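Chemist: Pasting in a structure now, in structure tokens, and then I'll have a few things to ask.
Numbering (the working numbering), first residue to last: 1032 to 1147.
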């Protein structure tokens, strides 16, 4: 599990993410004030169309779980409050943290959260 660094309180930001296989992905985050919510796009060659677009960011041990049989990684969103990130400064004030998950991390999340 690797922290995705360099996130700011900018309402629209793009960060390069070093992937577990050594390639680079692009994570675009954008904050919308009216619904008080962060959204994201993730661009990487592992996705069937090269990217996923417009997903709402929420607290989840693997927010990319729907793609786990397609992509060799995942992403977790953890907050100090346990609630979804709803403020533009959630990443800079330490309330929200994003983690890139390797394939073994994804398997551990599955075993820990979804296997009886």
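Note that beta-carbon positions come from the ideal geometry of N, C-alpha and C, so glycine has one too. These numbers were taken from a predicted model, which means no experiment stands behind them.
Given residue 1063, which residues of its chain have a CB within under 7 Å of its CB, disregarding the five upstream and five downstream residues?
Modeler: Excluding positions up to five away in sequence, the list reads 1070.
Chemist: Would you call the region 1105-1114 and the region 1089-1096 in contact, with 3 or more CB pairs under 8 Å?
Modeler: The region 1105-1114, when compared against the region 1089-1096, does touch it at the 8 Å Cβ threshold.
Chemist: Within 10 angstroms of its Cβ, does residue 1079 collect 16 or more other Cβ (buried), or is it exposed?
Modeler: Classification of residue 1079: exposed, given that the 10 Å Cβ count is below 16.
Chemist: Determine the contact status of residue 1061 and residue 1047, defining contact as a CB-CB distance below 8 Å.
Modeler: Contact flag unset, no.
Chemist: So the alpha helix (DSSP H) residue 1136 belongs to, where does it begin and stop?
Modeler: 1134-1140 is the span of the alpha helix (DSSP H), which, as asked, contains residue 1136.
Chemist: Of the choices 1127, 1099, 1053, whose alpha-carbon is the least far from that of residue 1140?
Modeler: Closest option to residue 1140, Cα to Cα, is 1099.
Chemist: Tell me which residue opens and which closes the beta strand (DSSP E) that residue 1149 is part of.
Modeler: For the chain, the structure presents residues 1032 to 1147; residue 1149 sits outside this window and is missing.
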